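In what follows, a single structure is set out as structure tokens and then discussed.
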Amino acid sequence: MSARWLRGTAATAATAAFLVPASLLAAGPALAHTAQAPAYAPVRAPMQAPARASAHGTAAPAAVAKKLLRAWLRADRHAASRVATASAVSTLFSYPFRAPDKFAGCSGNTCRFVHTSVRVPGGLDGILMIVSGGKVTKVYESRHLVKPSAAAGHLFDAWRKGDRNKGLEIATSTAVKTLFRTKFDPKGVKYFFQGCNSEPKGHSCAYSYEGGGMFMHVRGSKSRGYEVTSIGYIAD
355 MSARWLRGTA ATAATAAFLV PASLLAAGPA LAHTAQAPAY APVRAPMQAP ARASAHGTAA
415 PAAVAKKLLR AWLRADRHAA SRVATASAVS TLFSYPFRAP DKFAGCSGNT CRFVHTSVRV
475 PGGLDGILMI VSGGKVTKVY ESRHLVKPSA AAGHLFDAWR KGDRNKGLEI ATSTAVKTLF
535 RTKFDPKGVK YFFQGCNSEP KGHSCAYSYE GGGMFMHVRG SKSRGYEVTS IGYIAD
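Residues 355 to 590 (my numbering) are what the sequence shown spells out, left to right.
Here you go:
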């Protein structure tokens, strides 16, 4: 499939594609980058009472996750390293937005902190921590990517790795659900990135493959960050 043909069909596919809300839990339309609340200055998030220790003697996931968040709010990497792996600490301390203001609870060993007053890219809507053996071993977080192609590439890489949480860092929950309906097959058809083109209200980033094409519809701006809001497909 040629790049010229794919660009010619992008407008048609964009019309058929659906758009969805950009986050799971955001309560208001205000952007994270506002004069009233600087996006790059963490603010203290209210913490709930510490969770009890597990039956095996290790701290419950909620307690571990909250300890890590508090260490981050204090900019205390040493304290953070006591309850998280080096990679988890590095990811959390690179969070580009102000601190989430709500603890959304834990599901098993997965704990979330979300924004309720600002708008950030992706369906993750904040920070997600994976806790194992009394430590946070993995951190996922809303991303601030300044190019449409970077948002599309991040989501495609998440799909290739079978990692939904990684996808939610930069795409809406509906876009992730659409893409992950099928499992990426490394031995299957080859995908070729054809770049991004402007379309009404945003950009369309295309991947071609034998027999058709996939279009990731990206919204946002360089200052706000870009996110994939929907995905469409066409066939030869």
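From the three backbone atoms N, C-alpha and C, an ideal C-beta is built for every residue, glycine too. Fair warning: this is a prediction, and the values are worked out from it, not measured in the lab.
Nearest-angstrom beta carbon gap, residue j and residue i [assumed within contact, 8 Å]
i: His469; j: Pro454; result: 5 Å
i: Val490; j: Val530; result: Not quite, the Cβ-Cβ distance comes to about 22 Å (not below 8 Å), so this is no contact.
i: Pro319; j: Glu581; result: Residue 319 is absent from the structure shown; the chain starts at 355 and stops at 590.
i: Val500; j: Ile481; result: Wrong, their Cβ atoms sit about 20 Å apart, outside the cutoff.
i: Thr412; j: Gly487; result: 7 Å
i: Phe547; j: Trp513; result: Not really, about 13 Å apart at Cβ, beyond 8 Å.
i: Val443; j: Ala434; result: 5 Å
Simplified DSSP assignment, three categories, for residue i
i: Ile583; result: Reading off the sequence, residue 583 comes out as Thr, not Ile. Thr583 falls in the strand class under three-state DSSP.
i: Lys531; result: helix
i: Gly507; result: helix
i: Arg466; result: strand
i: Lys555; result: coil
i: Ala453; result: coil
i: Ala429; result: coil
i: Lys421; result: helix
i: Gly521; result: helix
i: Lys515; result: helix
i: Leu446; result: helix
Outcome for residue i when other beta-carbon atoms lying within 10 angstroms are tallied against a minimum of 16
i: Asp479; result: buried
i: Ser558; result: buried
i: Arg497; result: buried
i: Glu495; result: buried
i: Arg473; result: buried
i: Ala440; result: exposed
i: Ala589; result: exposed
i: Gly542; result: exposed
Proximal residues to residue i (C-beta, below 8 Å), its chain only, five neighbours per side dropped
i: Leu509; result: Gly521, Ile524, Ala525, Ala529, Val530, Leu533, Met570 and Val582
i: Val572; result: Pro502, Ala505, Ala506, Cys550, Gly556, His557, Ser558, Cys559, Tyr580, Glu581, Val582 and Thr583
Cutoff 6 Å; reference residue i; Cβ partners in own chain excluding five residues on either side
i: Lys456; result: Val468 and Thr470
i: Tyr545; result: Tyr561 and Tyr563
i: Pro415; result: Cys460, Asn463, Cys465 and Val485
Sequence-distant residues of the same chain with beta carbon closer than 7 Å to residue i, five excluded per side
i: Val418; result: Val437, Val485, Gly488, Lys489 and Val490
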